[in-house]
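Chains V and H are the protein sequences, given in the same order.
Take any residue in the first sequence, count from 1 to its spot, add 55: that is its number in our numbering.
Take any residue in the second sequence, count from 1 to its spot, add 386: that is its number in our numbering.
The structure appears below as structure tokens.
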Amino acid sequence: MTTAQLGDLSTGMVWAAATVYTIALVAYTLDLARMVDRLPAARVAAAGVRSGGRATGTLVADRGDRDGATAAGGLGAGAGRVPGTAPGVGAPGRRRSKARGIARSTTTLGLVLHVVAVVARGFAAGRAPWANMYEFTLVGTLVAVVVLLAVLRRRDLPFLGVVVTGFAVLALAAGLLVFFIQADGVQPALDSYWLVIHVGVAITSTGVFTVACATSVLQLLRDSRGRGSTALAGRGWRWLEAVPRPTELEALSFRLNAVGFVLWTFTLIAGAIWAEHAWGRYWGWDPKEVWTFVIWVVYAAYLHARTTRGWGGRRAAWFVLVGYACVLANFTLVNMFFDGKHSYSGL
Amino acid sequence: MVGYRPEGIEDTLDERTQAADGRPGAPVELPRLGLVGWLRWMWRQLTSMRVALLLLMLLAVAAVPGSVLPQRPQDPARVAEYLADHPDLGPWLDRVGAFDVYASVWFSAIYLLLFISLVGCIVPRTRAHLGALRARPPRTPRRFDRFPAQGGWTTSQSPGDVAGAARAALRGRLRWLPRYRVDVREEGPGVTVSAERGYLRETGNLAFHLALVGLLISVGTGQFLHYRGQAIVLEGRGFANAVVDYDTFESGAGFDPSSLVPFSLTLDAFTAEFDPQTLASRYFRADVTVRDPDGAERAESIRVNHPLTAGGAKVYLQGNGYAPEVTVRDAAGEVAFSGAVPFLPQDEVYTSRGVIKVPDVSAGPQIGMIAFLLPTAEELLPGQWRSTHPLPRDPLMVITVYSGDLGLDDGVPQNVYELDQSGLEQSVDAGGAPVTLYLRPGETVALPDGLGELTYAATPRFVALDLRHDPTLLFVLVFALTALTGLAVSLFTPRRRVWLRAVPGPDGRTVVTAAALARGDDVGLQAELDSVVAQVAGPDPGADDDAPPGADAPPHPQQHDRHQDAGTRPEGSR
Ligand code: HEM
Chain V
56 MTTAQLGDLS
66 TGMVWAAATV
76 YTIALVAYTL
86 DLARMVDRLP
96 AARVAAAGVR
106 SGGRATGTLV
116 ADRGDRDGAT
126 AAGGLGAGAG
136 RVPGTAPGVG
146 APGRRRSKAR
156 GIARSTTTLG
166 LVLHVVAVVA
176 RGFAAGRAPW
186 ANMYEFTLVG
196 TLVAVVVLLA
206 VLRRRDLPFL
216 GVVVTGFAVL
226 ALAAGLLVFF
236 IQADGVQPAL
246 DSYWLVIHVG
256 VAITSTGVFT
266 VACATSVLQL
276 LRDSRGRGST
286 ALAGRGWRWL
296 EAVPRPTELE
306 ALSFRLNAVG
316 FVLWTFTLIA
326 GAIWAEHAWG
336 RYWGWDPKEV
346 WTFVIWVVYA
356 AYLHARTTRG
366 WGGRRAAWFV
376 LVGYACVLAN
386 FTLVNMFFDG
396 KHSYSGL
Chain H
387 MVGYRPEGIE
397 DTLDERTQAA
407 DGRPGAPVEL
417 PRLGLVGWLR
427 WMWRQLTSMR
437 VALLLLMLLA
447 VAAVPGSVLP
457 QRPQDPARVA
467 EYLADHPDLG
477 PWLDRVGAFD
487 VYASVWFSAI
497 YLLLFISLVG
507 CIVPRTRAHL
517 GALRARPPRT
527 PRRFDRFPAQ
537 GGWTTSQSPG
547 DVAGAARAAL
557 RGRLRWLPRY
567 RVDVREEGPG
577 VTVSAERGYL
587 RETGNLAFHL
597 ALVGLLISVG
607 TGQFLHYRGQ
617 AIVLEGRGFA
627 NAVVDYDTFE
637 SGAGFDPSSL
647 VPFSLTLDAF
657 TAEFDPQTLA
667 SRYFRADVTV
677 RDPDGAERAE
687 SIRVNHPLTA
697 GGAKVYLQGN
707 GYAPEVTVRD
717 AAGEVAFSGA
727 VPFLPQDEVY
737 TSRGVIKVPD
747 VSAGPQIGMI
757 AFLLPTAEEL
767 LPGQWRSTHP
777 LPRDPLMVIT
787 VYSGDLGLDD
797 GVPQNVYELD
807 QSGLEQSVDA
817 GGAPVTLYLR
827 PGETVALPDG
837 LGELTYAATP
847 RFVALDLRHD
857 PTLLFVLVFA
867 LTALTGLAVS
877 LFTPRRRVWL
887 RAVPGPDGRT
897 VVTAAALARG
907 DDVGLQAELD
917 SVVAQVAGPD
927 PGADDDAPPG
937 ADAPPHPQQH
947 DRHQDAGTRP
957 EGSR
């Protein structure tokens, strides 16, 4: 195969993956709707999990009633159990749903096509396939989908599926329609193994932040409904009762954000080392550097907020949204509208 | 999360954070103590988590304008342009430092306050942590029933034996690096074991915060001691490492010019490769000869991403272009200027713009020219030229001519790439249109208005080299990596406490109960407790009524695994 054919193959695979993700998106949405239909039944199932108790623990605390209390009281009353050990409705094995099966298998299929697309793109260009905006979009979405599947293996969160596959479809479409450029070599400044390290890790953390942000959104919605928000009181939002409690979502979001933050710190340091090699200074307040720094500080603030009295829970979740908005701004606005040394978007 | 705490437990893992966070009454209680009181109050505010949080957010917000507005250190020309375009707003922005945000008073104030707050926060925490490292694990609480992870069994072993086995299991196999710190206490007829792990979490956190302080100090010291110079070097020519030989030179207040190592460097050749289809640049290499002060010579090459090290400085290949060699004869026929003039590339195909200034004429007015070089020229329409390739396959120079006063004598330093047209007049033809001259290498043309003549001899290349020396680079790197490691350790080390209580039961057997508590959210807590229970109790703690006496042998690994599986995963969670 010539490199041009490989490039075309890659593009075709991206279209295919986007199509399959669209099917997954529909399936997740249906699954979410199913979840609402089954709410009362699911409650019973959840109670079953609880009273079944653990194999080892002969002294199981009375967690069942507290669960209800927290659902009503929101985060403030968030005493509870270890997240993930007995997620109640969140236990996938408890619920059979055709839509869920379809959603999982189409996501996996989409992921396979997506991987083929990225690999083909790499061979077509003869380098690591993440050197311009189109390719960042491709790989960042890939990471988000991988993290989604990893989380869904343990949690039954069709909402997350809706958000992440929806995001993936939009991002891939935007990539193909707006950011697309032919597979090609790179300019000398990018011809470095640091491209693989720095940009690779940056994209990975972006993918992780994406899923974390979706989780925080879910947490805020669930919490607001639990507090009796009128906007979320309608039947259309009833599915929120089926998702894990805000404390659990907060914990999940935190764990993802912690991973994302460490990766982002690494990105920042690796970027500085690369800048030292390529541009002769490790830090120069280039717009991209500024925004990388801003993102880092916002997520650091998030970690601090979590441990500051009165700032945990809901407020901390807002930091995640702000941080993720900065991540998106860094990727779109800064690449396209600010000139600086990072003008590699290829547009 | 603060909410995550079983009720009724005074002793939590959050104490320290909470002390740092809301010292009792600090935010509301107004000081009554005069100056000292005020200072103490301010210090408390400054070192509180809430203020640190505020300062972090402020820092993020304050950093943004620098990416939106042009910044003087990065691009002074665009700042000047902005000021010209915004005569009302511009000067105000300038006054508040908006064109040099990262050196502005307010930006510096934020990060300095943040770091003072940081120091004020970590010094007491370090002290507390050092104390905690030597302290005994906290006492076993009286009741276990509110803890997030629990376990228990009965056994025929004596309470003392259970405690011994628990100690061994909790400490782990490595004698010098115990997993848990374990404390066994007598309690009536029974025994309790309290254990704690995860001190590394706080250690990592402190290392992270301390490394940030180290980083700031290193960066500041680097600013003080560094130097950086830029030099344009023509093919076949050289340059010496001395302040006067640089085109621009900039250094920190602590830099001593006599510390420059007097090496020199000659550009032997420059190679550029471009993509045949897209013409995008693919490869640049400058081959140079470096002459060290002791006279030793070595051949080296500098590429993008591969700087050269010479005389303690790093030499970067920052740019390249063409420097047409021209000779200008004035109206009297004397050579008024002769040399290579660096032209700045404007686009991917190296359409380059240069300015030729001829102040030293023996007769007539001073001459200035604005010239464009098209490395591979092609005439699209009559009189409309463009370059089609970045390599000099068919170079053409297109020139417009000015004469008058170049404005060089008033002592204000001028940009060599710009022509100050205020004292100049452009040469025009009979119809009033500007005169445009076209010439190829080897050609000579007469300048309009009898100004003289111009010869374009050849098209050598130049490279722009950047020399930089910063003695703190290694420190910056080490502190950055320490921060990264400390951060990962502090975020991913679980902090856990485990308690066991073994008391003689009514039937003569020993009743053992266990509980565990983690700091923050911890998915692995129950799994960890189950594994400890399994190790201490033996293979099947739930139903060991029939266990033969002395069933305290280590559990069979396989059984052990299966047991752990059952305990950690709720059915169907996989
Ligand atoms: C340059 C400014 C600062 C940065 C970038 C920063 C960053 C961080 C980060 C990323 C963490 C997360 C580690 C973790 O959650 O374990 C953290 C934790 C923490 N920081 Fe800072 N920090 C800064 C300043 C401060 C200041 C001024 C204080 C004191 C008032 C402080 C107190 C703490 C505390 C108590 C924790 C522990 C939270 C926990 O253990 O979960 N930090 N900091």
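Beta carbons are placed, not taken as given, at the ideal position from N, Cα and C, and that holds for glycine.
As assigned by DSSP and simplified to three states, the class of Asn390 (chain V): Within the first sequence, the letter at position 335 stands for residue 390 (chain V). Helix, per DSSP.
Same chain only: Cβ atoms within 8 Å of Leu203 (chain V), ignoring 5 sequence neighbours per side: Residue 203 (chain V) sits at position 148 when you count from the first residue of the first sequence. The beta carbon of Leu203 (chain V) lies closer than 8 Å to those of Thr162, Leu215, Gly216, Val219, Thr220, Val266 in the same chain, with the five residues before and after it left out.
With 16 other Cβ atoms within 10 Å as the buried cut-off, status of Ser604 (chain H): Taking the first residue of the second sequence as 1, we reach residue 604 (chain H) at position 218. Ser604 (chain H) should be labelled buried.
Residue interval of the beta strand (DSSP E) (run including Gly817 (chain H)): Indexing the second sequence from 1 puts residue 817 (chain H) at position 431. Unbroken run through Gly817 (chain H): none, as it is neither H nor E.
Straight-line gap, Val918 (chain H) to Gly924 (chain H) (C-alpha atoms, nearest Å): As a first step, residue 918 (chain H) must be located in the second sequence, where it is residue number 532. As a first step, residue 924 (chain H) must be located in the second sequence, where it is residue number 538. So the alpha carbons of these two residues sit roughly 10 Å apart.
Per-residue DSSP class, three states only, for Asp86 (chain V): On the first sequence, position 31 is the one that residue 86 (chain V) refers to. In the structure shown, Asp86 (chain V) sits in a helix (DSSP, three-state: H, G or I).
Ser789 (chain H) vs Phe758 (chain H) beta-carbon contact at 8 Å: On the second sequence, residue 789 (chain H) is found 403 positions in, with the first residue counted as 1. On the second sequence, residue 758 (chain H) is found 372 positions in, with the first residue counted as 1. Contact flag unset, no.
Contacting residues, own chain, Cβ-Cβ under 7 Å from Val254 (chain V) (five flanking each side not counted): Working through the first sequence from its first residue, we reach residue 254 (chain V) at position 199. Within the same chain, Val254 (chain V) has close Cβ partners Trp185.
Same chain, Cβ closer than 6 Å to Gly367 (chain V), five either side skipped, listed in chain order: Within the first sequence, the letter at position 312 stands for residue 367 (chain V). Counting only Cβ-Cβ distances below 6 Å, and skipping sequence neighbours, we find Arg361.
Distance, Phe493 (chain H) Cα to Leu646 (chain H) Cα: For the purposes of this step, residue 646 (chain H) is identified with residue 260 of the second sequence, where counting begins at 1. For the purposes of this step, residue 493 (chain H) is identified with residue 107 of the second sequence, where counting begins at 1. Rounded to the nearest angstrom, the two C-alpha atoms are 33 Å apart.
Counterpart residues of Glu636 (chain H) in DSSP-defined beta bridges: Residue numbering aside, residue 636 (chain H) sits at position 250 when the second sequence is read from its first letter. H:Arg614.
Residue-level contact to chain V via CB, Arg565 (chain H), 8 Å cutoff: Taking the second sequence and counting its residues from 1, the one referred to as residue 565 (chain H) is at position 179. It does not: the Cβ of Arg565 (chain H) has no partner Cβ on chain V nearer than 8 Å.
Rounded C-alpha distance that separates Gly289 (chain V) from Val170 (chain V): Taking the first residue of the first sequence as 1, we reach residue 289 (chain V) at position 234. Taking the first residue of the first sequence as 1, we reach residue 170 (chain V) at position 115. Taking the straight line joining both Cα atoms gives about 40 Å.
Buried/exposed call for Ala59 (chain V), threshold 16 Cβ in 10 Å: Locating residue 59 (chain V) in the first sequence gives position 4, where the first residue counts as 1. With fewer than 16 other Cβ atoms within 10 Å, it is exposed.
Proximal residues of chain H, C-beta to C-beta of Ile324 (chain V) below 9 Å: Looking up residue 324 (chain V) in the first sequence gives position 269. The contacting residues are Leu863, Ala866, Leu867, Ala869, Leu870.
Nearest neighbour of Ala446 (chain H), chosen from V:Arg364, V:Val314, V:Ala355 [CA to CA]: Numbered from 1 along the second sequence, position 60 holds the residue referred to as residue 446 (chain H). Ala446 (chain H) has its Cα closest to that of V:Ala355, out of V:Arg364, V:Val314, V:Ala355.
Range of the contiguous beta strand (DSSP E) that encloses Arg671 (chain H): For the purposes of this step, residue 671 (chain H) is identified with residue 285 of the second sequence, where counting begins at 1. It spans 667–677 - the beta strand (DSSP E) in which Arg671 (chain H) sits, taken as one unbroken run.
Element boundaries [alpha helix (DSSP H), containing His515 (chain H)]: In the second sequence, counting from the first residue as 1, residue 515 (chain H) sits at position 129. Run containing His515 (chain H): 491–520, per the alpha helix (DSSP H) assignment.
Cβ of Asp815 (chain H) within 8 Å of any chain V Cβ: The residue given as residue 815 (chain H) occupies position 429 in the second sequence. No, Asp815 (chain H) does not count as interfacial toward chain V.
Buried versus exposed call for Ala901 (chain H) [16 or more other C-beta atoms within 10 Å across all chains shown]: Here residue 901 (chain H) corresponds to residue number 515 of the second sequence, with the count starting at 1. Buried: at least 16 other Cβ atoms inside 10 Å.
Bridge partners - Pro890 (chain H), DSSP secondary structure assignment: Position 504 of the second sequence holds residue 890 (chain H). Note: Pro890 (chain H) sits in a beta bridge opposite H:Thr896.
Whole runs of the beta strand (DSSP E) within the stretch 727–770 of chain H, excluding any shorter than 3 residues: With a minimum length of 3 residues, the continuous beta strand (DSSP E) runs that stay inside the stretch 727–770 of chain H are 738–744, 752–760, 763–767.
Residues from the stretch 247–267 of chain V in contact with chain H, defined by Cβ distance under 8 Å: Ser247, Trp249
Assigned secondary structure, Val690 (chain H) (DSSP; H/G/I helix, E/B strand, else coil): What you label residue 690 (chain H) is simply residue 304 of the second sequence in a count that begins at 1. Coil, per DSSP.
Identity of the residues DSSP links to Leu295 (chain V) by a beta bridge: The residue labelled residue 295 (chain V) in the question sits at position 240 within the first sequence. Leu295 (chain V) pairs with nothing; no bridge assigned.
Amino acids of chain V, ordered along the chain, whose beta-carbon sits closer than 7 Å to that of Arg887 (chain H): Position 501 of the second sequence, counted from the first residue, corresponds to residue 887 (chain H). Going along chain V, no residue has its Cβ under 7 Å from Arg887 (chain H), so there is no contact; the nearest lies around 12 Å.
Backbone CA spacing between Thr896 (chain H) and Ala552 (chain H) [nearest angstrom]: As a working mapping, residue 896 (chain H) is identified with position 510 in the second sequence. As a working mapping, residue 552 (chain H) is identified with position 166 in the second sequence. C-alpha separation (whole angstroms): 14 Å.
Distance between Asp461 (chain H) and Leu601 (chain H) (C-alpha atoms, nearest Å): If you number the second sequence from 1, residue 601 (chain H) lands on position 215. If you number the second sequence from 1, residue 461 (chain H) lands on position 75. Whole-angstrom Cα-Cα distance: 26 Å.
One or two residues paired with Ser724 (chain H) in a DSSP bridge: One-based indexing of the second sequence puts residue 724 (chain H) at position 338. Ser724 (chain H) pairs with H:Thr713.
Chain-ordered neighbours of Val404 (chain V) on chain H, where CB pairs are closer than 7 Å: Absent from the model: residue 404 (chain V). The displayed extent of chain V is 56 to 402, so no value can be given.
Chain V residues whose Cβ lies nearer than 8 Å to that of Arg854 (chain H): Position 468 of the second sequence, counting from 1, holds the residue named residue 854 (chain H). Correct list: Gly335, Arg336.
Phe625 (chain H) burial status per 10 Å Cβ neighbour count (16 or more: buried): In the second sequence, residue 625 (chain H) corresponds to position 239, counting from 1. Phe625 (chain H) counts as buried, since no fewer than 16 other beta carbons sit within 10 angstroms of its beta carbon.
Chain-ordered neighbours of Trp346 (chain V) on chain H, where CB pairs are closer than 9 Å: As a working note, residue 346 (chain V) is residue 291 in the first sequence. Going along chain H in sequence order, the residues near Trp346 (chain V) (Cβ under 9 Å) are Ala449, Val450, Ser453.
Proximity test, Leu203 (chain V) beta-carbon vs the ligand ATP heavy atom, cut-off 7 Å: With respect to the ligand ATP, the structure shown offers nothing to examine, as its ligands consist of the ligand HEM.
Inter-residue Cα distance where the pair is Pro213 (chain V) and Trp294 (chain V): Your numbering for residue 213 (chain V) matches position 158 in the first sequence. Your numbering for residue 294 (chain V) matches position 239 in the first sequence. If I take the Cα positions, the gap works out to 10 Å.
Contacts of Tyr488 (chain H) in chain V (Cβ-Cβ under 9 Å): For the purposes of this step, residue 488 (chain H) is taken as residue 102 along the second sequence, with counting starting at 1. Those within 9 Å of Tyr488 (chain H) in chain V are Trp340, Val345.
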